[in-house]
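Visitor: Chains as they are written, first to last, in the numbering used here: chain A, 1 to 283; chain B, 284 to 566; chain C, 567 to 849; chain D, 850 to 1132.
Note that CB positions come from ideal geometry on N, CA and C, so glycine has one too.
Structure provided below as structure tokens; questions to follow.
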């Protein structure tokens, strides 16, 4: 069977990295089908795709072969992905379904590579119908008084399904540092403002009060600091004179769902690298 | 000679305003050629244009005739403009000329109604050449140690030319509340970020550090609080992976000049109303 | 019960229309809550909304009262809508579900005023599942050899449900002039190109061949001439170097669904007037 | 002195090209500072930048060294540029100055690498003032009855200055195949429509008649077939209801100048490759 795969690589920039990376694949008689690299100040980032036979049965085999290359560079790290590995996406949502619906439909349309949604968790029972429609295992976890208990119940679901990526599709609860660490996979959030403007609650209300002429949405990796994680994707839409907060919310929903779906796509295509609380997103 | 004119009107919203406004012009046998209105919560805003003969020699005549209408409404205020009145635009710039050049070229192209640039003030001698090219009176005011003295010198120029609007075309000095009050005309600034993100100095550096995926520019009326005035226009441009701060500054210049030129156009067309530190901008 | 309603009015432009329109409502003690007007060369267009009590039980009552006003103007026509009247949207789709899904979800989210989807017709059995999920009456009408027979079967569905608007959600069959006339309601199509570029079949293939840097989608009213009807809404998205036709189709789907959903919204909000094969779309 | 340079390379796609290209530079102890590649169906395209010492005195030296690499691939072609080589840009304009002004200002701001404007040709005497302001050699060539004579006079200017690139900044005369061949350099045009819509004269009038909701501008390489050359860059702007042809022209000017300036930048940065009447534009 023809295989395809990719490598994400980063290190401190230095003369000769590209030649070394490309040389590694040539030495293993593997042909690069796509090569992208960026430099940001002292850092170098690359993403390589290859297709066809390759000598590595498992990711670990690749890692072992590649490690001597990585060792030549300072602060080097890498991750390889074989595209025939299925990916599991876990979704969290609260009351508003628009970002969730978009992510489900994109998955169903095959827009995300080799991806299935493994569960849907919500603190709102109104979300169950979307799970039923698309035959996704659903867990209603009502809001406990004790947040640790709430997170514990969520972690049980995560441990059971071991998702590769978690998407917070307008999930309106703040996650603790412990929870984020315990999830053991990247968590992608959609925030309904153009960050860093209007962090936290009620961003449309704040945007309305400030009288901005464009409102936006931001998808980012979740870190313990609220709405402060590395930004993956952002989008904006124009506000018209007289637009109420409710109208902003309505037109904002379209931006939110597009930005969230795009960010998930980039993550699931293995096209993001994080560094210094920022991301490089490959094309 | 055929005359054209416009009225900007605002008041607390109430049933019957539109009929009253339209009725006033009908009673004076003046035909409305353009009518726009918006409501924002409890406020009502309208802009009316009319063309052809009208019974008012001076703005004061109009004001006198219209006052009884305004008096029927709560918190009502209005301004009328006759389009045959020439408008004077004063410009301030520091080192970077791009916003200035755009404003000058738009004025020269006739994109702003009946407008001439009456002076150009700069704290950088490198700006003089743009004044010379376009025959604009130029004042180099070097940065005094005493800000009050600096502002005093600027106010002298303002008092001499009495501009209708002042444009800060990337003018990098903070203006005092006294100066703003003494200028006695609206002051339009271009800030090189998507406000309220990255207020104050070095916004591109801050945008770079935060890793945003879109950078922007904001044109706003100047008030004593820095970068906090009513926003007139905003724009954004996408950042590519690996874009340096310098590259952001370069692509940002295009957004800045477009946003600044658009804001000046709206102001000079009498298409803005401010309220609660926000603006209504008519189409 | 509080009622709200709107009037769409158009006529040959002339002095005094605004006063006449506004005066009519004042005379009937009805307060205008929203007024928009545009002029395009010799034509005048207005849309008025009102709220609260009004003296007209039925649309016909309004029409009767308003007719004397309309009669004062040349080529005048008008339509009034009471917002408490439910609206019925009929949908046609072929194989691709993305535009259909968006329209269904927008309807379900309440983004379209007082609207229900009354039927879904498809020439592809794969579309049935979307009808089942959302409990929409579904009609699979397989492609007959005789187009008249095919259209006949479709017209039976239309006659049974009498939709107020028909949406062609990527419906890939050309409709005859007879069919369009017999449907007796506006038909809104989404075409997968930036019209007038790439009319007819395979627009992405043509866009690819021409090497355009932006691809687009166009939603328009259907007339007998293929892809030539009055345009309601258009959108574009940037093509990256090396993008294949398949990739264009993928990113194009997002634009198509957004443009189609926006056009349907404008139509269902009674915010479009057609004239000279063009539309005025109110804000 | 540190040198920097780039290579544009294209050939029929095949396994191993990237390794071969990168290997060539490694063998010459030259470090690649930027590498971009794209594949479009059967074609492969790459752009490499390098910095620092390199063993090639002249472009011809590079070409000689590189030829054996190129010879390994089918339909291969390449061009190398040393960035310390100054570039000469010749400009043509008719009456409308906006695209011209933008190109001049971008050049003056240093946005184009190592570029000077070597001449400005116009068939309108009103354009001379822009040449004077910026000390650019100006040639007024009035429209001869005999187009060959007109083109002959233009070619004399071209032969005298030997520009590297010619920019047609809203130059409203059709150029013959002979002229294009004789110019012996790429010619970049800005067309005031979103091609392939509205080819030829009066595109805004045609856009108005068709009732499009977005108007655009297209910058392309000039070939004998009018407005049919490889597209380099496109942009669009939204039309509001009631916008007249004149208003479209006004807002269109901003898009035209931006698109033209961007296209010139890409060309002068050696970031375009043409093939099959299309372009690959590198980031």
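Give me, in chain order, the residues of the same chain whose beta-carbon lies closer than 6 angstroms to that of residue 799/C; leave out the 5 immediate sequence neighbours on both sides.
Guide: Position 233 of the third chain, counted from the start, is the residue given in the question as residue 799/C. Here the set comprises 785, 825, 828, 829.
Visitor: Can you name the start and end residues of the alpha helix (DSSP H) that residue 666/C belongs to?
Guide: Here the question's residue 666/C lines up with position 100 in the third chain. Segment 664 to 674, the alpha helix (DSSP H) holding residue 666/C.
Visitor: State the DSSP-derived secondary structure class of residue 758/C, mapped to helix, strand or coil.
Guide: Position 192 of the third chain, counted from the start, is the residue given in the question as residue 758/C. It is coil, neither helix nor strand.
Visitor: Is the CB-CB distance between residue 449/B and residue 497/B below 9 angstroms?
Guide: The count along the second chain starts at 1 and reaches residue 449/B at position 166. The count along the second chain starts at 1 and reaches residue 497/B at position 214. Not in contact: residue 449/B and residue 497/B (Cβ atoms no closer than 9 angstroms).
Visitor: Around the Cβ of residue 769/C, are there at least 16 other Cβ atoms within 10 angstroms (buried) or fewer (exposed)?
Guide: What you label residue 769/C is simply residue 203 of the third chain in a count that begins at 1. Residue 769/C should be labelled buried.
Visitor: List, in order along the chain, the chain B residues whose C-beta lies closer than 8 angstroms to that of residue 242/A?
Guide: Working through the first chain from its first residue, we reach residue 242/A at position 242. Here the neighbours are 321, 322, 323, 328, 563.
Visitor: So which residues of chain B does residue 952/D contact, with C-beta pairs closer than 7 angstroms?
Guide: Taking the first residue of the fourth chain as 1, we reach residue 952/D at position 103. The premise fails here: residue 952/D is roughly 12 angstroms from chain B at the closest Cβ pair, so nothing lies under 7 angstroms.
Visitor: With a cut-off of 9 angstroms, does the C-beta of residue 197/A fall near any C-beta of chain B?
Guide: Counting from 1 along the first chain, the entry for residue 197/A is found at position 197. Answer yes: the Cβ-Cβ gap between residue 197/A and chain B drops below 9 angstroms somewhere.
Visitor: In three-state terms, what does DSSP make of residue 221/A?
Guide: Taking the first chain and counting its residues from 1, one reaches residue 221/A at position 221. Looking at residue 221/A - three-state DSSP - the assignment turns out to be strand.
Visitor: With 16 other CB atoms within 10 Å as the buried threshold, where does residue 494/B fall?
Guide: Residue mapping note: residue 494/B aligns to position 211 of the second chain, counting from 1. With 16 or more Cβ atoms within 10 Å of its Cβ, residue 494/B is classed as buried.
Visitor: Residue 880/D versus chain A: which residues are under 7 angstroms apart at the beta carbon?
Guide: Here residue 880/D refers to the residue found at position 31 when the fourth chain is read from its first residue. Chain A residues near residue 880/D: 15, 16.
Visitor: At the level of alpha carbons, what is the spacing between residue 164/A and residue 82/A?
Guide: Here residue 164/A corresponds to residue number 164 of the first chain, with the count starting at 1. Here residue 82/A corresponds to residue number 82 of the first chain, with the count starting at 1. Roughly 14 angstroms between the two C-alpha positions.
Visitor: Please check the pair residue 307/B and residue 333/B, which I expect to be a contact at CB under 8 angstroms, by giving their CB distance rounded to whole angstroms.
Guide: Residue mapping note: residue 307/B aligns to position 24 of the second chain, counting from 1. Residue mapping note: residue 333/B aligns to position 50 of the second chain, counting from 1. Actually they are not in contact, since the Cβ atoms of residue 307/B and residue 333/B sit about 11 angstroms apart, beyond 8 angstroms.
Visitor: Is the number of C-beta pairs between the stretch 55 to 73 of chain A and the stretch 4 to 20 of chain A that are closer than 8 angstroms three or more?
Guide: With a cut-off of 8 angstroms, the stretch 4 to 20 of chain A and the stretch 55 to 73 of chain A count as touching, because enough Cβ pairs lie within range.
Visitor: Quick check on residue 582/C: does DSSP put it in helix, strand or coil?
Guide: Taking the third chain and counting its residues from 1, the one referred to as residue 582/C is at position 16. Here residue 582/C sits in coil by DSSP.
Visitor: Does the stretch 598 to 611 of chain C come within contact of the stretch 860 to 871 of chain D, defined as at least 3 CB pairs closer than 8 angstroms?
Guide: The stretch 598 to 611 of chain C is not in contact with the stretch 860 to 871 of chain D.
Visitor: By Cβ distance, which residues of its chain are closer than 6 angstroms to residue 848/C, with the 5 residues on each side in sequence left out?
Guide: Numbered from 1 along the third chain, position 282 holds the residue referred to as residue 848/C. Here the set comprises 602, 613, 837.
Visitor: For residue 1060/D, go through chain C and note every residue whose CB falls closer than 7 angstroms to its CB, in chain order.
Guide: Numbered from 1 along the fourth chain, position 211 holds the residue referred to as residue 1060/D. 796, 797, 843, 844, 845, listed in chain order.
Visitor: Using a Cβ-Cβ cutoff of less than 6 angstroms, which residues in the same chain neighbour residue 905/D once the five nearest sequence positions on both sides are dropped?
Guide: On the fourth chain, residue 905/D is found 56 positions in, with the first residue counted as 1. Closer than 6 angstroms at Cβ, skipping near neighbours: 911.
Visitor: Tell me whether residue 721/C sits in a helix, a strand or coil according to DSSP, three-state version.
Guide: Here residue 721/C is taken as the residue at index 155 of the third chain, counted from 1. Of the three classes helix, strand and coil, the one that applies to residue 721/C here is helix, per DSSP.
Visitor: Got a sec: is the Cβ-Cβ distance from residue 529/B to anything in chain D below 9 angstroms?
Guide: Here residue 529/B corresponds to residue number 246 of the second chain, with the count starting at 1. So no, residue 529/B is outside the interface.
Visitor: What are the partner residues of residue 647/C, as DSSP defines its beta bridges?
Guide: Against the third chain, residue 647/C aligns to sequence position 81. 572/C.
Visitor: If you run the structure through DSSP and keep just helix, strand and coil, what is residue 377/B?
Guide: Residue 377/B sits at position 94 when you count from the first residue of the second chain. Reduced to three states, the DSSP call for residue 377/B is coil.
Visitor: Could you give the DSSP three-state label for residue 1/A: helix, strand or coil?
Guide: The sequence position of residue 1/A within the first chain is 1, counting from 1. Any reading at residue 1/A must be qualified, since the residue scores a pLDDT of 48, below 50, and its modelled position is unreliable; no value is offered.
Visitor: Could you have a look at residue 492/B and say whether DSSP puts it in helix, strand or coil?
Guide: By 1-based counting over the second chain, the position of residue 492/B is 209. DSSP places residue 492/B in helix when its eight states are reduced to three.
Visitor: Quick check: the Cα distance between residue 286/B and residue 444/B, rounded to an integer number of angstroms?
Guide: The residue you call residue 286/B lines up with position 3 of the second chain. The residue you call residue 444/B lines up with position 161 of the second chain. Cα to Cα, residue 286/B sits roughly 26 angstroms from residue 444/B.
Visitor: Just grab the DSSP bridge partners of residue 294/B for me.
Guide: As a working mapping, residue 294/B is identified with position 11 in the second chain. Note: residue 294/B sits in a beta bridge opposite 327/B.
Visitor: With a 10 Å radius around its C-beta and 16 neighbouring C-beta atoms as the bar for buried, classify residue 698/C as buried or exposed.
Guide: Residue numbering aside, residue 698/C sits at position 132 when the third chain is read from its first letter. Exposed: under 16 other Cβ atoms inside 10 Å.
Visitor: So, at 7 angstroms on beta carbons, what are the nonlocal neighbours of residue 816/C in its own chain, with the 5 sequence-adjacent residues on each side left out?
Guide: Counted from its first residue, the third chain places residue 816/C at position 250. So the list is empty, once near-sequence residues are dropped.
Visitor: Against chain A, does residue 284/B count as a neighbour if the rule is that its beta carbon must be under 9 angstroms from one of theirs?
Guide: Mapped onto the second chain, residue 284/B falls at position 1. In this prediction, residue 284/B scores a pLDDT of 48, lower than 50, which makes its location untrustworthy; no coordinate-derived value is stated.
Visitor: Mark residue 810/C as exposed unless 16 or more other C-beta atoms lie within 10 angstroms of its C-beta, in which case mark it buried.
Guide: Counted from its first residue, the third chain places residue 810/C at position 244. So residue 810/C counts as exposed.
Visitor: For chain D, check one thing: does any of its Cβ atoms lie closer than 9 angstroms to the Cβ of residue 782/C?
Guide: The residue labelled residue 782/C in the question sits at position 216 within the third chain. So yes, residue 782/C belongs to the interface.
Visitor: If you compare alpha carbons, which of 922/D, 951/D, 979/D, 1028/D is closest to residue 891/D?
Guide: Residue numbering aside, residue 891/D sits at position 42 when the fourth chain is read from its first letter. Among 922/D, 951/D, 979/D, 1028/D, the Cα nearest to that of residue 891/D belongs to 922/D.
Visitor: Using C-beta distances below 6 angstroms, list every residue in its chain close to residue 359/B, excluding the 5 sequence neighbours before and after it, in chain order.
Guide: As a working note, residue 359/B is residue 76 in the second chain. Result list for residue 359/B: 294, 353, in chain order.
Visitor: Mind checking who residue 1124/D pairs with in its DSSP beta bridge?
Guide: Taking the first residue of the fourth chain as position 1, residue 1124/D is located at position 275. Paired residues: 1127/D.
Visitor: Could you tell me how far apart the beta carbons of residue 425/B and residue 406/B are, in whole angstroms, since I believe they sit closer than 8 angstroms?
Guide: Along the second chain, one-based indexing puts residue 425/B at 142. Along the second chain, one-based indexing puts residue 406/B at 123. Right, their Cβ atoms sit about 6 angstroms apart.
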